[in-house]
Every structure is written in structure tokens, then in C-alpha cells.
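Here's the structure we're looking at; comments come further down.
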Amino acid sequence: MEPMLAELIAAAHAADPEDRLRAAENLSLAMDDDDPAGVAELLVLAADPDVRIRDWATFALSHLVGQDSTGIRAALWARTGDEDENVRAYALHGLARRRDSRAWPLMIEAFESGTVKEHLFEAAAFLREPRLAPHLREFGDDEKGRIAAALTECDPRSRAARDDLVLQVVDLLFAQAPEFEPTIYCERFHLDILLESNAYRPHHVTDVISVLRVTGNDPARAAARIIDGFRAAAG
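Counting in the UniProt record's numbering, the sequence shown runs from 1 upward without gaps.
So, in C-alpha cells, the structure goes:
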């Protein structure tokens, strides 16, 4: 175990809440995603009497830890009833990020309350629940495009149309630049659709959705932009 991680685990058990807070703030940064000792401490800290500590630990479990387990889900579910609205929102995001169907009814309650934390729009996208779409439409759109992205994910037809555009881009890449050996993939705890060139080291990775967005959802323009990026990365 790395010395910093060991020191933070010890701090997580300290009587002084400031030490426990430091552990909650830094554990996820000091450990690997699959480190069971670090995750175990975050599960305990998520139920700490100090709301600041619960906030940081729940945020870490929600946004930073790339693991899923019954223990993590149970800890997040417990925090959906927290007295603090930030902690509740982080817990909902964490459940949604793990595609836990218990999250969407609580998200509807949050949307109807009128005090919605921004990251709950991303949480809605993870869930892909069509029943969230009417509530999302009531918010219009935001500068970061999170509501539009959530609506796409929650509408099966919109999602299928988006996926078709992505496949068109991939087909064009294979037709126009097969030497870059493009590979498309998604990561479980992220919403991006990534495209990677395997022909060079280090690999060049592009978010296809972002490229389509800036090219007006034109597959030909998107493919050309990605090829330019591959060539620039290859030198």
C-alpha cells in the first residue's frame, strides 16, 4: 500500500473531524479505482456525523470511484435520504452512474422540487429512462448542453439516430483513412463515445459526440475533422 493511502486511511479513523475531512477529500485521489481498502473507508466516511465529510465521501463514490458493488450502492442509497441536499444529489448521481433503476423516481421528485443540481442532468443521461424526458424538457437547455444530452439518452429514437451518425462517421474513417486503424468504444462510467487510432503511440483519442456537435451533426465533416486530428497527432 502506498504511504499516502495508508496515512489517509489512518486519518479516516481519527477522532478529529478535520482529519477525517482530509481523508474524505483525498482518498479517491490517492488510490486506484480497484483499491478495496480505499473504497471501504469512503463507505464509512459517507455516513459520518459531519455533513462536510459525508459530502466529500459521497461525491467521491458518485463521481470518482470507477467501481460497482452492492456495498457502494447501499451506501449511496442510504445517502439519498440525507438531510443535506448536496449529499442527496451526489448519491442520486452515483446510483444513476451505476444504472440503478431506483434512482429515477427520486430524480423526478428532485426535478419537480425546482432546485436541481446541475450534475443531475448528467445523471438522467446515465439512466436513459424515457419517463424523465418530460421533466427535462421543462428546463429548456443549458450552456454546457447537458440537458440536450440527457434528452438524447432518454429518448430511444433520438439515441438511435445519434448512434447511426456515429456509425456513419466510423464507416467514413475506414473508407478514407484505414491506415489509422480506428476503434470505437465506450467506458462504463462515462457517457462519451470514444474513437481511438491504434496505429501510433501514444494513441490519439477523440470524443465522437463532441466532434459531431461542432460539425453540425454532419458525418462527413466530422470524419474529416477526426482524420485531421489523427494526422496532426501522427506528426
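Here a beta-carbon is modelled for each residue, glycine too, at the ideal position from N, C-alpha and C.
Kindly indicate which residue of A233, G71, V208 has the alpha-carbon position closest to the one of A222. Within the sequence shown, residue 222 is the residue found at index 222, counting from 1. Residue V208 is the option with its Cα nearest to A222.
Helix, strand or coil: which one does DSSP assign to S197? By 1-based counting over the sequence shown, the position of residue 197 is 197. S197: strand per DSSP, three-state reduction.
If you count every other CB in all the chains shown that lies within 10 Å of the CB of M4, and 16 or more means buried, which is it? Within the sequence shown, residue 4 is the residue found at index 4, counting from 1. Classification of M4: exposed, given that the 10 Å Cβ count is below 16.
Extent of the continuous beta strand (DSSP E) to which D207 belongs: Taking the first residue of the sequence shown as 1, we reach residue 207 at position 207. Looking at the DSSP string, the run of the beta strand (DSSP E) that includes D207 is 204-207.
Using beta-carbon positions only, say whether D19 and A6 come within less than 8 Å of one another. Start at 1 with the first residue of the sequence shown, and residue 19 comes out as number 19. Start at 1 with the first residue of the sequence shown, and residue 6 comes out as number 6. In this structure, A6 does not lie closer than 8 Å to D19 by Cβ.
For the beta strand (DSSP E) that T70 lies in, which residues bound it at each end? Counted from its first residue, the sequence shown places residue 70 at position 70. It is not in any beta strand (DSSP E) - T70 instead sits in the alpha helix (DSSP H) that spans 70-79.
Pick helix, strand or coil for T152, following the three-state DSSP scheme. Within the sequence shown, numbered from 1, the residue matching residue 152 stands at position 152. Three-state DSSP puts T152 in a helix.
Let me confirm a value: L92 is counted as buried when at least 16 other C-beta atoms fall within 10 Å, else exposed. Which label applies? Within the sequence shown, numbered from 1, the residue matching residue 92 stands at position 92. By the 10 Å Cβ count, L92 comes out buried.
Since I believe R98 is in contact with V87 (beta carbons under 8 Å), could you give me their beta-carbon distance rounded to a whole number of angstroms? For this step, residue 87 is matched to residue 87 along the sequence shown. For this step, residue 98 is matched to residue 98 along the sequence shown. The pair is not a contact, with the Cβ atoms about 17 Å apart (cut-off 8 Å).
How about E187 and S197: do their beta carbons lie closer than 8 Å? The residue labelled residue 187 in the question sits at position 187 within the sequence shown. The residue labelled residue 197 in the question sits at position 197 within the sequence shown. It is not a contact, given that the beta carbons lie outside the stated cut-off.
CB contact flag (D82, R102, <8 Å): The residue given as residue 82 occupies position 82 in the sequence shown. The residue given as residue 102 occupies position 102 in the sequence shown. No, the pair does not count as a contact, with Cβ atoms beyond the cut-off.
Identify, in the order they occur along the chain, each residue of the same chain with its Cβ nearer than 8 Å to the Cβ of D84, setting aside the five sequence neighbours on each side. Here residue 84 corresponds to residue number 84 of the sequence shown, with the count starting at 1. Within the same chain, D84 has close Cβ partners V51, R54, D55.
Does the region 37-50 come into contact with the region 21-29, if we say contact requires no fewer than three beta-carbon pairs (one atom in each stretch) closer than 8 Å? yes
Separation of P36 from C154, as counted between CA atoms: In the sequence shown, the residue the question calls residue 154 occupies position 154. In the sequence shown, the residue the question calls residue 36 occupies position 36. Those two C-alpha atoms are separated by around 33 Å.
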